[in-house]
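Before any comments, here is the structure.
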Amino acid sequence: MKKILLLATGGTIASRPTAAGGLAPAITSKELLACVPELADLCAVDAVQVFNLDSTNVGPAQWQSIVHCIKENYDAYDGFVIAHGTDTMAYTAAALSYMVQNSAKPVVLTGSQKSIYNRDTDARNNLYRAFVYAVSDGAWGVQLVFDNKVILGTRARKTRTRSFNAFSSIDYPETAVFRDTRLVLFLRRPAALPPVRFYEKLDPAVFVLRLVPGMRADIIPMLAPHYRALVLESFGVGGLPGGEHGTMFAELRRWCESGRLAVFTTQVPHEGCDLAVYEVGRAVGELPGVLEARDMTPEAVAVKLMWALGQTDDRAEVMRLFETPIECDIV
Numbered sequence: 009m010k011k012i013l014l015l016a017t018g019g020t021i022a023s024r025p026t027a028a029g030g031l032a033p034a035i036t037s038k039e040l041l042a043c044v045p046e047l048a049d050l051c052a053v054d055a056v057q058v059f060n061l062d063s064t065n066v067g068p069a070q071w072q073s074i075v076h077c078i079k080e081n082y083d084a085y086d087g088f089v090i091a092h093g094t095d096t097m098a099y100t101a102a103a104l105s106y107m108v109q110n111s112a113k114p115v116v117l118t119g120s121q122k123s124i125y126n127r128d129t130d131a132r133n134n135l136y137r138a139f140v141y142a143v144s145d146g147a148w149g150v151q152l153v154f155d156n157k158v159i160l161g162t163r164a165r166k167t168r169t170r171s172f173n174a175f176s177s178i179d180y181p182e183t184a185v186f187r188d189t190r191l192v193l194f195l196r197r198p199a200a201l202p203p204v205r206f207y208e209k210l211d212p213a214v215f216v217l218r219l220v221p222g223m224r225a226d227i228i229p230m231l232a233p234h235y236r237a238l239v240l241e242s243f244g245v246g247g248l249p250g251g252e253h254g255t256m257f258a259e260l261r262r263w264c265e266s267g268r269l270a271v272f273t274t275q276v277p278h279e280g281c282d283l284a285v286y287e288v289g290r291a292v293g294e295l296p297g298v299l300e301a302r303d304m305t306p307e308a309v310a311v312k313l314m315w316a317l318g319q320t321d322d323r324a325e326v327m328r329l330f331e332t333p334i335e336c337d338i339v
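Note that the working numbering has the sequence shown beginning at 9, numbered continuously upward.
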């Protein structure tokens, strides 16, 4: 029987109503396990409460705590299940994909749209099936299990705010699905993986700027004292208003000449960006320090930059790390 460690971090799955009428995390890891007694027949389970937060309050410091817990327990368990809030679960899934690389053991995130104590909750199904995937022989790496789907950590996005079918795999096949009670694996653990590597350093000095028509260019120099990298969510396949003759281009050139980075992505959910297609993007893509996110999710772009910036102060090396495919984040 395999041995799995549950890391409880809060979220809707662990929430109770407050006196003020809202929901807040209050259910412990042991209480979560007590709601799914059938896990005892599936695997040996231990549980640890890493923190108990609404996932809106989960960020780089909490990702580091999760990674530290996995690292300290890695040799003692066959896999890990993380109960997490849905709102930033895709960010955490992406972060763990860069911070726990080449893991032959599964690191599985799950949660729910309703508290585990609700009569019509999706929590028990999601939690149980996260464990089913974690004990399967083909499981590996950072995955997200939700509503009968298994999604690679670098490819997951929350695409619905209320429905049980809350997460989608963006421009990449699902790793596995559940058909009734049967797990069907589409992608299995690679036959050979390098040794697992843990990274705990991050630099959150990344700003995501969503372009809107009419936006003033002087927002860029305002960000310079506080951020090392800028992610520009542009229109379509990418570009800047006015192209190389616009004020936005001039400010971005100064940003890059100062040694900072800029990464272009798209506001469109699918199929990525390509600055070479239109004149409004071609000159932008040739600026030193400008990168393209290609088909990466916005969550993966922001978190991968934080990870790369945390490894080095050398801009060329940060660019190399960002452009290196990791856990199928770029295809």
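Cβ atoms here follow ideal geometry from the backbone N, Cα and C, with glycine treated the same way.
The alpha helix (DSSP H) runs of length 4 or more contained entirely in the stretch 244-284 are, from start to end of the chain, 255-265. Secondary structure of G293 (DSSP, three-state): helix. By alpha-carbon distance to D321, the top candidate from G246, L41 and R268 is R268.
In the three-state reduction of the DSSP assignment, L329 falls in the helix class.
Pairwise C-beta distances place the stretch 185-198 out of contact with the stretch 278-289, as fewer than three of them are shorter than 8 Å. For secondary structure counted as the alpha helix (DSSP H) over 4 or more consecutive residues, the stretch 185-215 holds no complete run.
In this chain, the alpha helix (DSSP H) harbouring P68 covers P68 to N81. Sixteen is the threshold: since fewer than 16 other Cβ atoms of the shown chains lie within 10 Å of the Cβ of M230, the residue is exposed.
Between G146 and L152, the beta carbon gap of about 16 Å keeps them out of contact (Cβ cut-off 8 Å). A contact is defined here as three or more CB-CB pairs under 8 Å, and the stretch 248-257 fails this definition with respect to the stretch 206-214. The three-state reading of DSSP puts V288 in helix, counting H, G and I together. Going by C-alpha positions, P25 is about 15 Å away from N60.
In the structure shown, G18 adopts extended strand secondary structure according to DSSP, grouped into three states.
Here DSSP, grouped into helix, strand and coil, assigns T162 to helix. CA-to-CA, the gap between L283 and Y180 works out to about 22 Å.
According to DSSP, I90 shares a beta bridge with L15 and L117. Using a 10 angstroms sphere on the CB of H92, the tally of other CB atoms reaches 16 or more, which defines it as buried. In the three-state reduction of the DSSP assignment, P306 falls in the helix class, which pools H, G and I. Contact check for V53 and L47: beta-carbon distance about 6 Å, within the 8 Å limit, so the pair qualifies.
DSSP places K157 within a strand segment (E or B) once states are collapsed to three. Assigned with DSSP and collapsed to three states, F175 falls in strand. Straight-line spacing of the CA atoms in K38 and G18 works out to 12 Å.
DSSP places A237 in the strand class (E or B) of the three-state scheme. Looking at the DSSP output, L299 shares a beta bridge with V271.
Here A232 is actually not in contact with T255; their C-beta atoms are around 16 Å apart, not less than 8 Å. In this structure, R302 places its C-beta atom within 7 Å of the C-beta atom of G280.
L31 and S23 have their C-alpha atoms spaced approximately 6 Å apart. Scanning its chain for C-beta atoms nearer than 7 Å, with the 5 sequence neighbours on each side dropped, one finds around A101 the residues L117, V150, L152, G161 and A164, in chain order.
Taking C-alpha positions only, Q275 is separated from E241 by approximately 5 Å. Restricting attention to I178, T169 and R168, the CA atom closest to the CA of V158 is found in I178.
In this structure V309 is not in contact with L260, their Cβ atoms being roughly 17 Å apart against a cut-off of 8 Å.
Cβ neighbours of P202 within its own chain (closer than 6 Å, five residues either side excluded): N110. For the options L135, Y106, V220 and G67, the alpha carbon positioned closest to that of T332 is the one of Y106.
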